[in-house]
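**Student:** Before I ask anything, let me first share the structure, which is written out below as structure tokens.
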Amino acid sequence: MTSVATPGLDNAPTTHARLLAWVREMAELTTPDRVVWVDGSDEEWERLTQQLVDAGTFTRLEKKPNSFWCASDPSDVARVEDRTFICSVDEADAGPTNNWMDPGEMKSIMTELYRGCMRGRTMYVIPFCMGPVEAENPMFGVELTDSEYVVVSMRVMARIGSAILEAMGEDRPFVPAMHSLGAPLDEGQQDVPWPCSETKYIVHFPEERMIWSYGSGYGGNALLGKKCYSLRIASVMARDEGWLAEHMLILKLTSPQQKTYYIAAAFPSACGKTNLAMLEPTIPGWKVETLGDDIAWMRFGEDGRLYALNPEFGLFGVAPGTGWDTNPNAMRTIDKGNSVFTNVALTDDGDIWWEGMTEEPPAHLTSWKKQDWTPGSDEPSSHPNSRFCTPITQCPILAPEYTDPKGVPISAILFGGRRKTTIPLVTEARDWNHGVFMGATLSSETTAAATGAVGVVRRDPFAMLPFIGYNAGDYFGHWVETGKQHDATKLPKIFYVNWFRRDEDGGFLWPGFGENSRVLKWVVERLEGTAAAEETAVGHVPTPDSLDVSGLDMTREQVEKALAVDKDEWRAEVPQITEWFQKFGDKLPSTMWDELAILEHRLA
Ligand code: GDP
Ligand code: PGA
Ligand code: MN
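See the structure below:
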């Protein structure tokens, strides 16, 4: 039988010619049993979640409304950076930090993988929009997928469905985002709860603004509006069009004097973005509201200020460590239901649990590996990269500006990583270029958010190492240019934070979480010109008295240790930074070498 008869292919609810042609081409290649145009309705959610329950992929939670427990295949739990490619026409445009393959070669390999790969399955067409569809230039995408899990998760994470398709009209541009689990079903073959393939490819064609993903069902590999579109493809668009697509949370901070500041912060995956975005301040009179927890698109406004917008519609948060003590607003958000929990543990009464949710674990659980689990078990009940996927509109502290397509004017940008040593709790950059240097040299210990070793220190520039869709040297240059082309007095001030410094016994020096409001307070007081700082070799660091530690269970010595600039530790960074910069050859802006020379000079 030919694909012309594929149900759903000939009665599409759109006249968008390019979209129709692409869907047909992909359906003919992948040969699904049927094509379904996703409308984003409640009925569709009901149908698909029930289908996932019937397939054994989802377990409906008794204790949370309209919510589901899901365990993935144990081999498919995180982003696969070694299988992620930037297939630019010219290899130099992918740069030294990305995997590259010739686009033609990659397409021929993947075309063979895609051939017949949806046999026995449904191809879903998901029209989506990153950011409000009311924007001047709505950022459309269409994901094709053979995974019901992806459809359901995309409905949480992005604006999807009929209204988006309608807004696309017959010729609006969109990013084609092709996804397959790579697990075709033969006639009569029993499906597994989490189909996927051992062969995985997460591929970006930056010039064509196109994404091809194969073999994985995990969030960052499969929900293509998120890291693939909103960071890798969008960073290329941003370079070409003079804006910024960044791995940043956005928060609104109100001081006791009712002054409002918007702050963006870039931390690598699993280094505290979601937590900071939803922070409950411990210091009286301060208020935080959430705008975004992972991605910020930033453009300059007519007033010369930098405005940030969160293009996403949901939260895809790291579950372990999220609890009533650490992140009560995340707990309140998920308690409202309408959520998918992947690779956490299931309680006997139909709720979810993970390490760090409560101090005492339940006496018995079903682990993410679907095994019996008790507090005496050797392994954690939940995978360290287990996730909650929940609508951002349920966040009780969501700022009303969230829906404004214009975004919010940013006063401060924080860069941060996970470092046991060296990096002080907070450092203010001397100026924009010094801040770009901080971003370009950002380092962090690897986490479970990507496959591979955990706890290894690596450079993660701007927390974007796995997400820059082009040559990272050019990306640094784009940041330097951004500073040059705009009024310096209106640019955000840049800071570098580290919540993860340790003492000799291996414990965290800084209590973190809600107490990070004390650092935000110092940042605001620096913006207002009221807080003192010590000028060190690496930038302006709070004097122990300028940081509000009142009521904190910390000795002065501990505070000093958290803030310390140890010249020997920093001298050890210099050759590492030199080696890092050498990778970029003449793509590295010369200002970065100048900044390194300043650092060396100040350390001497
Ligand atoms: P994201 O992936 O960048 O959004 O990171 P999350 O906010 O989800 O946090 C990742 C992990 O770091 C979780 O286990 C958190 O509990 C933990 N974490 C977040 N903020 C802090 C902090 O201030 N201090 C410490 N010690 N851990 C934190
Ligand atoms: P995050 O990314 O860890 O930055 O929240 C999600 C992902 O890895 O897909
Ligand atoms: Mn997060």
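By the count of full-length UniProt numbering, the sequence shown reaches residue 604 at its end, each step adding exactly one. Cβ atoms here follow ideal geometry from the backbone N, Cα and C, with glycine treated the same way.
Any heavy atom of ligand 2 closer than 7 Å to the CB of lysine 200?
**Tutor:** No.
**Student:** In whole angstroms, what is the alpha-carbon distance linking threonine 282 and arginine 518?
**Tutor:** Looking at the two C-alpha atoms, the distance is approximately 8 Å.
**Student:** Run through DSSP, which three-state label would asparagine 99 get?
**Tutor:** Here asparagine 99 sits in strand by DSSP.
**Student:** On the criterion of 16 or more Cβ atoms from any shown chain inside 10 Å, does tryptophan 297 qualify as buried, or is it exposed?
**Tutor:** Tryptophan 297 should be labelled buried.
**Student:** Going straight from the alpha carbon of leucine 547 to that of aspartate 431, what length do you get?
**Tutor:** If I take the Cα positions, the gap works out to 21 Å.
**Student:** Could you tell me the boundaries of the alpha helix (DSSP H) in which histidine 601 lies?
**Tutor:** That run of the alpha helix (DSSP H) goes 590-603.
**Student:** Using a Cβ-based criterion (distance less than 7 Å to any ligand heavy atom), does aspartate 294 qualify as near ligand 2?
**Tutor:** Yes, the beta carbon of aspartate 294 sits closer than 7 Å to at least one heavy atom of ligand 2.
**Student:** In the DSSP assignment, find the alpha helix (DSSP H) that holds residue 631 and state where it starts and stops.
**Tutor:** Outside the modelled stretch of the chain, which goes from 1 to 604, sits residue 631, for which no answer is possible.
**Student:** Applying the criterion that 16 or more other CB atoms from any shown protein chain within 10 Å of the CB defines a buried residue, is arginine 47 buried or exposed?
**Tutor:** The residue is exposed, with fewer than 16 neighbouring Cβ atoms inside 10 Å.
**Student:** For valine 318, verify whether its CB is less than 7 Å away from any heavy atom of ligand 3.
**Tutor:** Flag set: Cβ of valine 318 near ligand 3.
**Student:** Can you say whether valine 524 is buried or exposed, counting buried as having 16 or more other CB atoms within 10 angstroms of its CB?
**Tutor:** Buried.
**Student:** Which residues in the same chain as threonine 422 place their Cβ atom closer than 6 Å to its Cβ, once the five residues preceding and following it in sequence are excluded?
**Tutor:** Taken in chain order, the residues that qualify are Glu569.
**Student:** Measure the C-alpha to C-alpha separation of asparagine 329 and glutamate 515 and round it to an integer number of angstroms.
**Tutor:** When rounded, the distance between both Cα atoms is 15 Å.
**Student:** Given this structure, state the Cα-to-Cα distance separating alanine 604 from valine 133, to the nearest angstrom.
**Tutor:** If you take the alpha carbons of alanine 604 and valine 133, they lie about 54 Å apart.
**Student:** Alpha carbon to alpha carbon, what distance is there between glutamate 535 and glycine 219?
**Tutor:** Their backbone Cα atoms lie some 42 Å apart in a straight line.
**Student:** Could you give the C-beta distance for proline 7 and arginine 34, rounded to a whole number, given that I count them as a contact under 8 Å?
**Tutor:** That belief holds up - the Cβ atoms of proline 7 and arginine 34 are roughly 4 Å apart, short of 8 Å.
**Student:** What does DSSP give as the partner residue(s) for threonine 57 in the beta ladder?
**Tutor:** Beta-bridge pairing links threonine 57 to no other residue.
**Student:** By Cβ distance, which residues of its chain are closer than 7 Å to threonine 2, with the 5 residues on each side in sequence left out?
**Tutor:** Confidence at threonine 2 is low in this model, with a pLDDT of 46, below 50, so its placement is unreliable and no value can be given for it.
**Student:** Does histidine 204 come out as helix, strand or coil in the three-state DSSP assignment?
**Tutor:** Looking at histidine 204 - three-state DSSP - the assignment turns out to be strand.
**Student:** Beta carbon of lysine 273: closer than 7 Å to some heavy atom of ligand 3?
**Tutor:** Checking the Cβ of lysine 273 against ligand 3 gives yes.
**Student:** My assumption, with CB atoms under 8 Å, is that isoleucine 410 sits in contact with alanine 183. Please give the rounded CB distance.
**Tutor:** So it is not a contact: roughly 43 Å between Cβ atoms.
**Student:** Could you check the C-alpha separation between serine 269 and alanine 5 for me, to the nearest Å?
**Tutor:** Serine 269 and alanine 5: Cα-Cα distance of roughly 44 Å.
**Student:** Report yes or no: do three or more beta-carbon pairs, one from the region 577-589 and one from the region 89-108, lie closer than 8 Å?
**Tutor:** The region 577-589, when compared against the region 89-108, does touch it at the 8 Å Cβ threshold.
**Student:** Just verifying my parser: in three-state terms, what is the DSSP assignment at methionine 1?
**Tutor:** Only weak support is given to the placement of methionine 1: the predicted model assigns it a pLDDT of 44, under 50, and the value that follows is read from those uncertain coordinates. In this structure, methionine 1 counts as coil in the three-state DSSP scheme.
**Student:** Name the one or two DSSP bridge partners that tryptophan 373 has.
**Tutor:** Bridge partners of tryptophan 373: Leu365.
**Student:** Taking all protein chains shown into account, do 16 or more other C-beta atoms lie within 10 angstroms of the C-beta of glycine 169, making it buried, or fewer, making it exposed?
**Tutor:** With fewer than 16 other Cβ atoms within 10 Å, it is exposed.
**Student:** When every heavy atom of ligand 2 is checked, does at least one fall within less than 7 Å of the C-beta of serine 269?
**Tutor:** Checking every heavy atom of ligand 2 against the Cβ of serine 269, one is found closer than 7 Å.
**Student:** Using a threshold of 7 Å, is the CB atom of tryptophan 368 nearer than that to any non-hydrogen atom of ligand 1?
**Tutor:** Because no heavy atom of ligand 1 lies under 7 Å away, the Cβ of tryptophan 368 does not count as near it: no.
**Student:** Check the DSSP bridge columns for proline 391 and list the partner residues they point to.
**Tutor:** Answer is Gly314.
**Student:** For serine 444, write down the residues that DSSP places opposite it in a beta bridge.
**Tutor:** Serine 444 is bridged to Arg458.
**Student:** Quick check on proline 176: buried or exposed, where buried means 16 or more other Cβ atoms within 10 Å of its Cβ?
**Tutor:** Proline 176 should be labelled buried.
**Student:** Measure from the alpha carbon of asparagine 310 to the alpha carbon of each residue in Val559, Lys226, Pro361 and Glu43, then state which is nearest.
**Tutor:** The option with the nearest alpha carbon to asparagine 310 is Lys226.
**Student:** From what residue to what residue does the alpha helix (DSSP H) around histidine 478 run?
**Tutor:** Where histidine 478 is concerned, the enclosing alpha helix (DSSP H) stretches over 472-484.
**Student:** Return the CA-CA distance between tryptophan 354 and serine 382, expressed in angstroms with no decimal places.
**Tutor:** Whole-angstrom Cα-Cα distance: 5 Å.
**Student:** Can you find the residues in the same chain that come closer than 6 Å, C-beta to C-beta, to tryptophan 479, ignoring five residues on each side of it along the sequence?
**Tutor:** Contacts found: Val436.
**Student:** Alpha carbon to alpha carbon, how far is glycine 304 from leucine 244? Give it in angstroms, no decimals.
**Tutor:** Near 15 Å, if we compare the C-alpha coordinates of glycine 304 and leucine 244.
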